Amino acid sequence: MNENFLRIYFYLIVAKNKNGTLNLSEIARETGRDINTVKREINRFTNIEEYNAREAHDDYYKKRQKHIKKIPTFTEEQQEFLNLRFNIFGDSPAEIIQRFLIKFGIKFPACLKTFYK
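Counted the way the UniProt record's numbering counts, the sequence shown spans residues 1 to 117.
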């Protein structure tokens, strides 16, 4: 965990404007972070006093895990089919994807542009 985020909590208490609102630009400048990063960290919790850098980091990590692309896995039969159609018959990627859908009844796990690469 970055210690700059630990300092954000300190600046949340100290850095107030005259009207009592937070001075986000001062917090960002002091912690060496972008102002949008500071806003996002503050908005993670409904109450500023509840802010905890460890919880914010754990929350980020959980959300990040949802967006990591999974590598497609093929069964042995599917691998043999792809090898046959691509290497032996020389089908184009568009044909292979269409035949894959017809034979196995499931959508090919990569888009056509990715398959061409």
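In this text, a Cβ means the ideal position worked out from N, Cα and C, and glycines have one as well. Since we're looking at a predicted model, the values are computed, not measured.
For E55, the nearest candidate out of E41, T75, Q98 and T37 (CA to CA): Counting from 1 along the sequence shown, the entry for residue 55 is found at position 55. Checking every option, the nearest Cα to that of E55 belongs to E41.
Along the chain, where does the alpha helix (DSSP H) containing A110 start, and where does it finish? The count along the sequence shown starts at 1 and reaches residue 110 at position 110. Unbroken run through A110: none, as it is neither H nor E.
Take A94 as the anchor and find which of R85, N87, L112 and K117 has the nearest alpha-carbon. Numbered from 1 along the sequence shown, position 94 holds the residue referred to as residue 94. Ranking R85, N87, L112 and K117 by CA distance to the CA of A94 puts L112 first.
So F89 and K103 are supposed to be a Cβ contact under 8 Å. How far apart are they, rounded? Position 89 of the sequence shown holds residue 89. Position 103 of the sequence shown holds residue 103. Rounded, the Cβ-Cβ distance is 13 Å, inconsistent with contact.
Taking the beta carbon of I96 as the centre, do at least 16 other beta carbons fall within 10 Å, making it buried, or is it exposed? The residue given as residue 96 occupies position 96 in the sequence shown. Counting Cβ neighbours within 10 Å, I96 comes out buried, since at least 16 surround it.
Roughly how many whole angstroms lie between the Cα atoms of K69 and D91? Indexing the sequence shown from 1 puts residue 69 at position 69. Indexing the sequence shown from 1 puts residue 91 at position 91. When only Cα atoms are considered, K69 and D91 end up about 27 Å apart.
Measure from the alpha carbon of R85 to the alpha carbon of each residue in P72, F74, H57 and R99, then state which is nearest. The count along the sequence shown starts at 1 and reaches residue 85 at position 85. R85 has its Cα closest to that of R99, out of P72, F74, H57 and R99.
Distance between L101 and K107 (C-alpha atoms, nearest Å): Residue 107 sits at position 107 when you count from the first residue of the sequence shown. Residue 101 sits at position 101 when you count from the first residue of the sequence shown. Approximately 5 Å, taken between the alpha carbons.
Hey, how far is the Cα of H67 from the Cα of Y61? Along the sequence shown, one-based indexing puts residue 67 at 67. Along the sequence shown, one-based indexing puts residue 61 at 61. For H67 and Y61, the distance between alpha carbons rounds to 10 Å.
Does the separation of the CB atoms of T59 and R44 fall below 8 Å? Residue mapping note: residue 59 aligns to position 59 of the sequence shown, counting from 1. Residue mapping note: residue 44 aligns to position 44 of the sequence shown, counting from 1. Contrary to the premise, residue 59 reads as Asp rather than Thr in this sequence. Yes; because the gap between Cβ atoms is below 8 Å, this pair is in contact.
Continuous alpha helix (DSSP H) stretch holding D59: start and end: Position 59 of the sequence shown, counted from the start, is the residue given in the question as residue 59. A53 to K66 is the span of the alpha helix (DSSP H), which, as asked, contains D59.
Candidates I71, E26, I27 and Q79: which alpha carbon is nearest T114's? Sequence index remark: in the sequence shown, residue 114 carries index 114 (1-based). Comparing Cα-Cα distances from T114 to each of I71, E26, I27 and Q79, the minimum goes to I71.
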